[in-house]
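Q: Take this structure first; my questions come after.
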Amino acid sequence: MGNDGIDSILREHRLFPPSPAFSDIARVPSASRLDALYSHAAADYEGFWAALARSELNWTKPFSKILDSTKAPHFRWFYDGRLNVSYNCLDRHLEKRADKPAIIFEGEKGDTRTLSYGELHREVCRFANALKAQGVALGDRVVIYMPMVPEAVVAMQACARIGAIHSVVFGGFSAEALKDRIEDAGAKVVITADGGQRGGKIIGLKVACDKALKSGGKSVTTVIVLKRTGQHIAMKSGRDIWWSEAVADHADSCDAVAADAEHPLFILYTSGSTGKPKGIQHSSAGYLLGTIVTTQWVFDIRDSDVFWCTADVGWITGHSYVAYGPLANGATIVMYEGAPTVPDAGRFWSVCERHKVTIFYTAPTAIRALMKFGDSWPGKYDLSSIRLLGTVGEPINPEAWMWYHRTIGRERCPIVDTWWQTETGAIMIAPVPGVVPTKPGSCTRPLPGIAADVVNEQGNTITKPDQGGYLVVKRPWPSMLRTIWGDDDRYVETYWKRFGKRYYLAGDSARRDADGYFWIMGRIDDVLNVAGHRLGTMEVESALVAHPMVAEAAVVGRPDDVKGEAIFAFVVLRGERPPGGVDDKITGELRNWVTDQIGAIAKPSDIRYVDNLPKTRSGKIMRRLLRSLARGEQITQDTSTLENEAILAQLQGKA
Ligand code: WT7
0 MGNDGIDSIL REHRLFPPSP AFSDIARVPS ASRLDALYSH AAADYEGFWA ALARSELNWT
60 KPFSKILDST KAPHFRWFYD GRLNVSYNCL DRHLEKRADK PAIIFEGEKG DTRTLSYGEL
120 HREVCRFANA LKAQGVALGD RVVIYMPMVP EAVVAMQACA RIGAIHSVVF GGFSAEALKD
180 RIEDAGAKVV ITADGGQRGG KIIGLKVACD KALKSGGKSV TTVIVLKRTG QHIAMKSGRD
240 IWWSEAVADH ADSCDAVAAD AEHPLFILYT SGSTGKPKGI QHSSAGYLLG TIVTTQWVFD
300 IRDSDVFWCT ADVGWITGHS YVAYGPLANG ATIVMYEGAP TVPDAGRFWS VCERHKVTIF
360 YTAPTAIRAL MKFGDSWPGK YDLSSIRLLG TVGEPINPEA WMWYHRTIGR ERCPIVDTWW
420 QTETGAIMIA PVPGVVPTKP GSCTRPLPGI AADVVNEQGN TITKPDQGGY LVVKRPWPSM
480 LRTIWGDDDR YVETYWKRFG KRYYLAGDSA RRDADGYFWI MGRIDDVLNV AGHRLGTMEV
540 ESALVAHPMV AEAAVVGRPD DVKGEAIFAF VVLRGERPPG GVDDKITGEL RNWVTDQIGA
600 IAKPSDIRYV DNLPKTRSGK IMRRLLRSLA RGEQITQDTS TLENEAILAQ LQGKA
């Protein structure tokens with residue numbers, strides 16, 4: 000099982016306990032309080048979660064049933080209860096926090112806007128009424144393809160308010176990827192913008208949307224378009240309507256529909272090792288509960304905090320820790336539309352200073368990228384408001400961790416390294432920062448009520464320290480995915496089959512050290528992690544072979560300083576390989592082609608042309624060999640089973 004992590008074991012005996020100044024006022028201030036949570040969960044697992052569901056959520060109809068396992072692994076939580084997610088995020092704060100900022104927004108060009116809870120509530124209500132006027136009802140699917148502006152959250156919350164199921168598609172995905180998701184979800188409405196501002200350029204969202212709907216997406220009857228960038232776009236009459244027109248004349252109050260606890264709140268597509276992206280389906284009550292309690296335990300949220308999670312709403316992190324968890328806790332969030340380096344590499348720190356950010360949550364890839372620009376950028380800004388730092392999306396290397404700790408946290412702030420997935424809905428393994436000492440590179444221990452474990456091939460717990468195994472979760476938890484949209488079999492197959500339907504298979508390998516700390520070692524499947532985002536190698540391969548010049552393609556990851564992993568493609572072109580090597584123009588064209596098919600995140604960093612892919616005699620692509628080749632490593636694998644050993648030199652880029 001790959002990498003044994005010896006390197007980190009040797010170096011990482013550093014332990015960073017929280018300062019008393021932090022612990023004294025933390026929500027979970029002491030080991031005894033944390034132990035009490037663990038003991039409660041251990042003694043009465045369902046009762047533990049039920050107590051939280053009662054104290055943290057407002058129910059229209061209280062639940063009396065907790066967990067239904069009769070159709071395992073299709074679990075249901077709190078399933079005879081009813082509530083509304085948007086009510087829990089907005090209405091319940093109005094009495095005390097109507098004037099409190101809910102969203103502090105900053106555009107890439109520097110425009111800012113603050114929406115109080117009262118204002119956000121009114122905007123959500125108006126937009127919910129607009130959706131209803133467009134015929135959207137409980138259970139209908141709405142695709143949201145928007146820039147990182149407050150209206151993206153308004154749209155999500157408005158769907159939640161009327162029980163429509165949203166599916167946010169990251170604005171960096173291409174028209175083709177958008178079309179696939181619209182079709183898989185069977186969306187009735189698409190909410191988009193003329194464009195978004197990113198990296199000094201306009202991302203043409205509406206243009207992509209038009210392209211997607213031209214070639215497919217027949218279920219869509221209405222496209223609602225927010226004016227953001229102001230450039231000219233086409234509006235198709237009878238289908239397209241401006242946001243401002245859609246909300247005009249609608250009341251700023253709208254009843255929150257009481258939905259079943261298990262009513263799907265959203266679908267979010269993510270990559271797997273095979274086939275098309277999977278529509279991960281989340282519930283209402285259990286999902287919201289997970290985001291609420293983790294925002295409390297891990298981010299130690301309190302009323303005075305200004306919480307900035309830099310993730311786009313197109314990813315699960317932007318759902319759980321932008322649109323839902325912090326708002327359900329009545330917190331103030333920051334949303335920033337643009338790139339971290341516009342106008343310069345100090346932008347993030349400037350936002351932190353100006354908006355007095357207290358909790359900052361980002362991805363290791365962003366930390367590494369900004370670290371490269373040097374200490375002078377953060378040095379220019381007053382970061383004293385920050386009290387807690389977080390990371391998510393991939394393992395953080397100790398060097399980046401130490402830089403984050405020293406240069407951003409100024410050695411005062413705990414760092415919460417949070418392991419979770421699109422599928423888990425909420426953070427699963429992370430330090431409770433007032434109590435658990437941290438180690439650079441470890442996400443520490445599972446949270447209370449989360450039965451994460453490391454097991455061997457047979458499914459038995461690995462008790463020996465530092466031995467790698469499969470990361471699994473042994474009991475259902477409230478914020479878990481419920482299924483893959485429209486494909487129950489694939490849900491069972493992907494996550495449950497490996498260990499006889501008893502354990503949830505995360506798809507990561509991990510090990511536990513002598514202190515019981517978890518260290519994530521990487522994926523066990525053909526899923527890449529490029530800049531904290533998941534991509535299936537097969538998705539990129541399918542995109543490549545869809546090009547008329549490509550006969551075959553195999554894609555692997557290779558380590559990258561900033562992105563974590565970069566995409567390396569081995570390509571067999573149709574016809575003879577040109578004797579003088581393949582023209583750079585073709586490489587450029589293939590890279591752009593993949594960008595068109597999926598999005599810029601999937602663009603291969605390297606393409607190497609070969610006459611054949613290395614296959615075993617049974618026809619399987621030798622991926623391990625390709626991975627070594629992409630890393631430029633010495634070949635130690637047995638290549639005697641190769642169909643054609645002569646291609647080795649080509650694969651090494653030598654012929
Ligand atoms: C995969 C999930 C959940 C938010 C963002 C990514 C990797 C996630 C960590 C971490 C090491 C991590 C895993 C996981 N991952 N967080 N703290 N340390 N690896 O969500 O796109 O669903 O990807 O990201 O490999 O399986 P996602």
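Residue 10 in numbering that gives the first Met the number 0 sits at position 11 of the sequence shown; the count goes up by one each step and never skips.
For each residue, glycine too, the CB sits at the ideal point set by N, CA and C.
Helix, strand or coil, according to DSSP, for His73 in the structure here?
A: Reduced to three states, the DSSP call for His73 is coil.
Q: Taking the runs of the alpha helix (DSSP H) that are 4 residues or longer, which of them lie wholly in the region 12-81?
A: Listed in chain order, they are 19-23, 30-42, 44-55.
Q: Which of helix, strand or coil does DSSP assign to Ala451?
A: Three-state DSSP puts Ala451 in a strand.
Q: Can you tell me whether Pro577 is buried or exposed? The criterion is at least 16 other CB atoms within 10 Å of its CB, across all chains shown.
A: Pro577 should be labelled exposed.
Q: If you follow the beta strand (DSSP E) that Leu625 is in, where does it begin and where does it stop?
A: Note, Leu625: premise wrong, no beta strand (DSSP E); alpha helix (DSSP H) at 622-629.
Q: For Asn528, list the residues DSSP reports as bridge partners.
A: Beta-bridge pairing links Asn528 to Arg533.
Q: Determine the DSSP secondary structure at Gly598, reduced to helix, strand or coil.
A: Here Gly598 sits in strand by DSSP.
Q: Let me know the secondary structure DSSP gives Val472 once reduced to three states.
A: Three-state DSSP puts Val472 in a strand.
Q: Using beta carbons (cut-off 7 Å, strictly below), is His546 in contact with chain D?
A: Looking at the structure shown, chain D is missing, and only one protein chain is on hand.
Q: Looking at the unbroken alpha helix (DSSP H) that takes in Arg301, where does it start and where does it end?
A: Counting along the chain, Arg301 falls outside any alpha helix (DSSP H), and DSSP gives it neither H nor E.
Q: Is the beta carbon of Val188 less than 7 Å from the beta carbon of Gln133?
A: Going by C-beta atoms, Val188 is nearer than 7 Å to Gln133.
Q: Is the beta carbon of Val356 less than 7 Å from the beta carbon of Asn83?
A: No, these two residues do not count as a Cβ contact at 7 Å.
Q: By the 10 Å Cβ neighbour count, where 16 or more other Cβ atoms means buried, how is Glu107 classified, buried or exposed?
A: Buried.
Q: Are Arg626 and Val581 touching if we call contact CB-CB under 7 Å?
A: No.
Q: CB of Arg510 to nearest heavy atom of the ligand WT7: below 6 Å?
A: No.
Q: Rounded to whole angstroms, what's the CA-CA distance from Ser243 to Glu122? Just pull it up for me.
A: Rounded to whole angstroms, Ser243 to Glu122 spans 11 Å at the Cα level.
Q: If you follow the beta strand (DSSP E) that Phe306 is part of, which residue opens it and which one closes it?
A: It spans 305-308 - the beta strand (DSSP E) in which Phe306 sits, taken as one unbroken run.
Q: Does at least one heavy atom of the ligand WT7 sit under 6 Å from the Cβ of Gln420?
A: Yes, the beta carbon of Gln420 sits closer than 6 Å to at least one heavy atom of the ligand WT7.
Q: Roughly how many angstroms lie between the CA atoms of Ile634 and Arg607, to the nearest whole one?
A: Each residue's Cα considered, the two are about 17 Å apart.
Q: Evaluate Leu137 with the Cβ neighbour count: other Cβ atoms within 10 Å of its Cβ, from every protein chain shown; 16 or more gives buried, anything less gives exposed.
A: Flag for Leu137 reads exposed.
Q: At which residues does the beta strand (DSSP E) containing Ser173 begin and terminate?
A: Taken as a continuous stretch (DSSP letters only), Ser173 belongs to no beta strand (DSSP E), as it is neither H nor E.
Q: Just reading off the beta strand (DSSP E) that Lys200 is part of, what are its end residues?
A: Looking at the DSSP string, the run of the beta strand (DSSP E) that includes Lys200 is 200-202.
Q: I'd like the span of the beta strand (DSSP E) that includes Trp607, first residue to last.
A: Correcting the residue identity first, residue 607 is Arg in this sequence and not Trp. Arg607 -> beta strand (DSSP E) spans 605-608.
Q: Can you pull the DSSP bridge partners for Arg444?
A: Arg444 pairs with nothing; no bridge assigned.
Q: Is Ala159 closer than 7 Å to Ile143 when the C-beta atoms are compared?
A: No; because the gap between Cβ atoms is not below 7 Å, this pair is not in contact.
Q: Who are the near neighbours of Ala174 in its chain, counting only those whose CB is closer than 6 Å to its CB and skipping five residues on each side?
A: These residues qualify, in order along the chain: Ala207, Lys210, Ala211.
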